[in-house]
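A.B. asks:
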C-alpha cells in the first residue's frame, strides 16, 4: 500500500470536474457584425417599401379622381382629366419645370414618358381639346383617352426623372394630326 503521507495527500484531492459547456453568449465579434448587417438590410428593405408606397400614393389618388370623371360623364371631362394628370405630374417631377410648361411641351412630356401608351389621336385631342366643343368628341375616343390616361397615371411613380425635351415627338404629333 501507499505510505501514510501519500494517503493523506490523496484524501485532499477532489473528484474530477468536467468544464462547463461552451455557451453562445457572449457572441464573438463576427456574429455581432453578421447580426448588424442583417438588421440593416431588413431596415433598408422596410424603408424602401414605405417610400415606394408613399410614392405611389399620389398616383392612386389621381386614379380615384379619374375614375370619378369616367363615372360622371361630365362635358368638361377632358379639362378635368388634364388637370388631374398635371397635378399628379407635379408630385413626381420638379415643379419648376412642369408648372411652366405650355400645352405643346406638356404633350411632348406625355409622349416621352409614355410613348407606348398614348395614341397620336389622344395626344392631338389633348393638345387641341381646349379649343374644341366637347360634344364633337365621340364616346369611344373619350373612353380610349381616359384609359390611356389611367395607364399613364399607373406607370407615373416608376418614372425616375423628367426626360430631356426634343422636338421629334411634337413633329410626330403633327404628322399624326395630318394623318388623322
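Residue numbers (the UniProt record's numbering): 1 to 180. We put the beta carbon where it would ideally sit given N, CA and C, even for glycine. Here the structure is a predicted model, which is why all the values come from computation and not from measurement.
#1: Checking 8 Å against the spacing of the C-beta atoms, do residue 88 and residue 154 come in under that value?
#2: Taking residue 85 as the reference, give the member of 147, 42 and 73 with the closest Cα.
#3: DSSP state of residue 93, grouped into three classes?
#4: Distance check for residue 53 and residue 122, CA to CA, integer angstroms please.
#5: Taking the CB atoms as reference points, tell me whether residue 77 and residue 114 lie closer together than 8 Å.
#6: According to the neighbour-count rule (16 or more other Cβ atoms, all chains shown, within 10 Å of its Cβ), is residue 100 buried or exposed?
#7: By a C-beta neighbour count over all protein chains shown, 10 Å radius and 16 as the cutoff for buried, is residue 4 buried or exposed?
#8: Kindly give me the distance between the Cβ atoms of residue 112 and residue 157, rounded to whole angstroms, as I take these residues to be in contact under 8 Å.
#9: In the DSSP assignment, the alpha helix (DSSP H) including residue 152 goes from what residue to what residue?
#10: Taking the alpha-carbon positions, what's the residue 127 to residue 62 distance?
#11: Please list the terminal residues of the continuous alpha helix (DSSP H) segment that includes residue 59.
#12: Express the C-alpha separation of residue 66 and residue 133 in angstroms, rounding to a whole number.
#13: State the start and end residues of the unbroken alpha helix (DSSP H) segment that holds residue 7.
#14: By Cβ distance, which residues of its chain are closer than 8 Å to residue 69, with the 5 residues on each side in sequence left out?
#15: Between the alpha carbons of residue 34 and residue 23, how many angstroms are there, rounded?
#16: Here's the rule: buried if 16 or more other CB atoms are within 10 angstroms of the residue's CB, otherwise exposed. What is residue 109?
#17: How many Å lie between residue 107 and residue 41 at the Cα?
C.D. replies: According to the data block:
#1: As a first step, residue 88 is located in the chain shown; it is residue number 88 there, counting from the start. As a first step, residue 154 is located in the chain shown; it is residue number 154 there, counting from the start. A distance of 8 Å or more separates the beta carbons of residue 88 and residue 154.
#2: Locating residue 85 in the chain shown gives position 85, where the first residue counts as 1. Considering only alpha carbons, the answer is 147.
#3: Locating residue 93 in the chain shown gives position 93, where the first residue counts as 1. For residue 93, the three-state secondary structure derived from DSSP is coil.
#4: Along the chain shown, one-based indexing puts residue 122 at 122. Along the chain shown, one-based indexing puts residue 53 at 53. Looking at the two C-alpha atoms, the distance is approximately 30 Å.
#5: Here residue 77 refers to the residue found at position 77 when the chain shown is read from its first residue. Here residue 114 refers to the residue found at position 114 when the chain shown is read from its first residue. Cβ atoms of residue 77 and residue 114: not closer than 8 Å.
#6: Against the chain shown, residue 100 aligns to sequence position 100. Label assigned to residue 100: exposed.
#7: The residue labelled residue 4 in the question sits at position 4 within the chain shown. With fewer than 16 Cβ atoms within 10 Å of its Cβ, residue 4 is classed as exposed.
#8: Here residue 112 is taken as the residue at index 112 of the chain shown, counted from 1. Here residue 157 is taken as the residue at index 157 of the chain shown, counted from 1. That belief does not hold up - the Cβ atoms of residue 112 and residue 157 are roughly 17 Å apart, past 8 Å.
#9: Translated into positions along the chain shown, residue 152 becomes position 152. Taken as a continuous stretch (DSSP letters only), the alpha helix (DSSP H) holding residue 152 covers 139-155.
#10: Locating residue 127 in the chain shown gives position 127, where the first residue counts as 1. Locating residue 62 in the chain shown gives position 62, where the first residue counts as 1. Their backbone Cα atoms lie some 20 Å apart in a straight line.
#11: For the purposes of this step, residue 59 is taken as the residue at position 59 of the chain shown. Per DSSP, residue 59 belongs to the alpha helix (DSSP H) from 29-72.
#12: Indexing the chain shown from 1 puts residue 133 at position 133. Indexing the chain shown from 1 puts residue 66 at position 66. Spanning the two alpha carbons is a distance of roughly 21 Å.
#13: Locating residue 7 in the chain shown gives position 7, counting from the first residue. Here the alpha helix (DSSP H) through residue 7 covers 4-12.
#14: Numbered from its first residue, the chain shown carries residue 69 at position 69. 77, 80, 81, 84 and 146.
#15: Within the chain shown, residue 34 is the residue found at index 34, counting from 1. Within the chain shown, residue 23 is the residue found at index 23, counting from 1. Per the coordinates, the alpha-carbon of residue 34 lies some 18 Å from the alpha-carbon of residue 23.
#16: Mapped onto the chain shown, residue 109 falls at position 109. By the neighbour-count criterion, in which a residue is buried when 16 or more other Cβ atoms sit within 10 angstroms of its Cβ, residue 109 is buried.
#17: Locating residue 107 in the chain shown gives position 107, counting from the first residue. Locating residue 41 in the chain shown gives position 41, counting from the first residue. C-alpha separation (whole angstroms): 41 Å.
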